[in-house]
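> Before I ask anything, let me first share the structure, which is written out below as structure tokens.
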Amino acid sequence: MTRIRLLSIVALFALWEVLSLYLGEDYLPGPWLTAQVIADGIARGWLTRATWITLGEVAPAFAIAAVAGLFFGAVLGLSRLWGEIMEPLILGVYAVPKVTLYPIFLLVFKVGAASKIAFGMFHGVFPVQIIAQAAVAHIRPVYLKVARSLSLTPAQTVLHVVIPALVPALVVGLRLAFSLTFIGVILAEIFASRGGLGFLLSAADQTFDVKRVNAVIVVLAVIGVGVNLLFNLAERRVAPVRNEERQATLAA
Amino acid sequence: MRVTLQGIGKSYPTQGGGTFVALENVSLEIREGEFLALIGVSGCGKSTLLELIAGLQTPTAGTIAFDGIPHVGPHPRVSVVFQEDSTFPWKTVAGNIGFGLEMRGADPKARARRVEAMIDLVGLRGFEDRYPHQLSGGMRQRVAIGRTLVLDPAILLMDEPFGALDEQTRFLLGEELLRIWRESGATVVFVTHSLHEAVQLADRIAVIAPRPGRIVRIIDNDLSRPRRESHEAERYGAMIEELRVLLGLEGNREQTRA
């Protein structure tokens, strides 16, 4: 498995090199040139500064999205009434292309970190809420019967039965929330901001600095893949059962 | 522990504004240490009756008393094994079996000792560190049985615990349940719709008729153990036949072997 993954990464770089040779370095800088630009960005600090700004916005945006999404998902999943009242509203807001709402965020939060964090949070919060709500509403009734027949306290039931039963769904939700929050923050940086990787990307794009554009894209990809790997690790720690096996148990 | 059901009724409001009577005027004395089967066709209210005894539902009429003391809600000395797989996929076999003790705040050392003993009793030695998804359906049901028995219940309620298993596994687990029942000394109330399972296992068989659910007859089963169709063929056959008539399955033999 790992060998196949390694091979696919090598193949990706090879394809990149071939394409860049075919199109020319002015249009698509190859891996080597991009690596040099990244090294320059690290040495002179423009790339590391932008990366820290972006990460500093993504982290709180993701944290707020996760906590708020889990909380509202749990409440709406437990209360059928509120679930039914809120569902059309949430789906309605979710269906609007979120980029179109960015001017409102700018008006409320002004240009700067706050508007970017809020916009990123806004991207990530819905999938967490929707997945958490479905998971809470569809927790297997027999688990709750076991809890009741053992006379567990409400706190014990939530802590030792409900939350562990929800972990696989929550990991999926958080994973999705991270990638969407990340997109939201980058979009906000591209549209109106004075720092961060998205800002760097749009600035380089406007001056036709393809080498910088490429360098930023590589950094974005590294962050995305890296966080995904962290999720894989976390998933293995908290949920020893792999997803497909868990689904098989659920179906049985 | 003795359980006395006095005039138990359970009805639900229906959507049309009427009432659905699931159980009506059920009175039953469950004797200390006996193996009682509740048998009936699907939807006759036998699982409802079990959940009432378990305290998972509240009767709309009548009282339930344990050793003569009326009680509402789950009783600490009453444990339930459900038909569906109820093992927790996030806990190992040992973790699942020890769950109730852990929640009741048992001392970790005492807990480990009792879990160890229970693993032997339910025949899961060598599987204690496995997760439920690595086990067969029959083994998962053993885990569920161990999880309830480790609490040393006076009453063990079982709602078609082997219903999802194949006939061979079902028979073997039934024989093991009898061994566990004898070793633990608990009172067992066992819901089933299988005539053979009831005759194989129970001291007494309460036959429940549907709409409204009520006990129509309690049959004393004095066949000598271990019970096989071949040992006392005539009496075994007569008992099956009697149950079949009581359940209204006469002339429809296809359905009787569940």
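Those protein sequences? They're chains A and B, same order as listed.
Here this note's numbering is used: the first residue of the first sequence is 4, the next is one more, and so on.
Here this note's numbering is used: the first residue of the second sequence is 2, the next is one more, and so on.
We treat Cβ as the ideally placed atom computed from N, Cα and C, and that holds for glycine.
Rounding to the nearest angstrom, what Cα-Cα distance links B/F21 and B/I9 in this structure?
15 Å
> Drop a sphere of 10 angstroms on the beta-carbon of A/I7, count the other beta-carbons inside from all chains shown, and report buried for 16 or more, exposed for fewer.
exposed
> My assumption, with CB atoms under 8 Å, is that B/C45 sits in contact with B/G214. Please give the rounded CB distance.
5 Å
> Between A/K214 and A/P34, which are expected to be in contact by the criterion C-beta below 8 Å, what is the C-beta distance as a whole number of angstroms?
Going by Cβ atoms, the distance from A/K214 to A/P34 rounds to 12 Å, so no, they are not a contact pair.
> The segment 57-71 of chain B: which residues have C-beta closer than 9 Å to a C-beta of chain A, in chain order?
L57
> Assuming B/T64 and B/Q7 are in contact, meaning their beta carbons sit under 8 Å apart, how far apart are those beta carbons, in whole angstroms?
5 Å
> Counting only the same chain and skipping the five closest in sequence on each side, list residues whose C-beta sits under 8 Å from that of A/L24.
G33
> For B/E161, decide whether its Cβ has a neighbour in chain A, counting only Cβ atoms nearer than 7 Å.
Judged by the 7 Å Cβ criterion, B/E161 is not in contact with chain A.
> Would you kindly report the start and end of the unbroken beta strand (DSSP E) that includes B/K11?
V4 to P14
> Taking 7 Å as the CB-CB limit, is B/G147 close to chain A?
no
> For B/D153, name the three-state secondary structure that DSSP assigns.
coil
> Would you say A/A254 faces chain B, with C-beta separation under 7 Å as the test?
Its pLDDT being 46, under 50, A/A254 is placed unreliably in this model, and the value from its coordinates should be taken loosely. The Cβ of A/A254 sits no closer than 7 Å to any Cβ of chain B.
> So with Cβ pairs under 7 Å, would you call B/S195 a contact of chain A?
No - not a single Cβ of chain A is within 7 Å of the one on B/S195.
> Taking the beta carbon of A/G176 as the centre, do at least 16 other beta carbons fall within 10 Å, making it buried, or is it exposed?
buried
> Which value, in whole angstroms, describes the spacing of the CA atoms of A/L253 and B/T88?
Summary for A/L253: the model assigns pLDDT 47, below 50, so the residue's position carries little reliability; its value from the coordinates is reported in the next sentence. Going by the C-alpha atoms only, they are around 11 Å apart.
> Report yes or no: is there a C-beta of chain B within less than 7 Å of the C-beta of A/V139?
no
> Going by the beta-carbon positions, is the gap between A/H126 and A/G72 smaller than 7 Å?
no
> Taking the C-alpha atoms as reference points, what is the distance between A/I45 and A/L200?
Taking the CA atoms as reference points, A/I45 sits about 13 Å from A/L200.
> CB B/T193 to CB B/E161, shorter than 7 Å?
Taking 7 Å as the Cβ cut-off, B/T193 and B/E161 qualify as a contacting pair.
> If you draw a straight line from the alpha carbon of B/L150 to that of B/G101, how long is it in whole angstroms?
The alpha-carbon of B/L150 is positioned some 10 Å away from that of B/G101.
> Anything in chain A within Cβ reach of B/E85, meaning under 8 Å, just list it in chain order.
R143 and V145
> Could you tell me the boundaries of the beta strand (DSSP E) in which B/N26 lies?
T20 to I31
> Rounded to whole angstroms, what is the Cα-Cα separation between B/D1 and B/T49?
No answer is possible for residue 1 of chain B: the residues shown for chain B start at 2 and end at 259.
> For the segment 215-222 of chain A against the segment 17-37 of chain B, do three or more pairs of beta-carbon atoms, one drawn from each stretch, fall closer than 8 Å, so that the two count as touching?
At 8 Å Cβ cutoff, the stretches do not touch.
> Is the segment 97-109 of chain A in contact with the segment 122-136 of chain A, if contact means three or more CB pairs nearer than 8 Å?
yes
> How many angstroms separate the CA atom of B/S1 from the CA atom of B/R180?
Summary: the structure shown does not reach residue 1 of chain B, with chain B confined to residues 2 through 259, and so no result is reported for it.
> Can you grab the Cα-Cα spacing for the pair A/Q250 / A/G80, in whole Å?
The pLDDT assigned to A/Q250 is 49, lower than 50, so where the model puts this residue is not dependable, and the model offers no usable value.
> Just the Cα atoms here: how many angstroms apart are B/A23 and B/G249?
18 Å
> Tell me which residue opens and which closes the alpha helix (DSSP H) that B/F36 is part of.
No alpha helix (DSSP H) holds B/F36; the beta strand (DSSP E) holding it covers F36 to I40.
> Using a Cβ cut-off of 7 Å (strictly closer), state whether A/V149 contacts chain B.
yes
> Let me confirm a value: B/I220 is counted as buried when at least 16 other C-beta atoms fall within 10 Å, else exposed. Which label applies?
buried
> When you compare each of A/T54, A/L18, A/L9 and A/D29 to A/G198 by their alpha carbons, which one comes out closest?
Of the candidates A/T54, A/L18, A/L9 and A/D29, the one whose C-alpha sits nearest the C-alpha of A/G198 is A/T54.
> Express the C-alpha separation of B/G34 and B/T188 in angstroms, rounding to a whole number.
4 Å
> So, does the segment 132-140 of chain B touch the segment 68-84 of chain B, judging by three or more C-beta pairs under 8 Å?
no
> Would you say A/P157 lies against chain B (beta-carbon separation less than 7 Å)?
no
> Using three-state DSSP, classify A/A53 as helix, strand or coil.
helix
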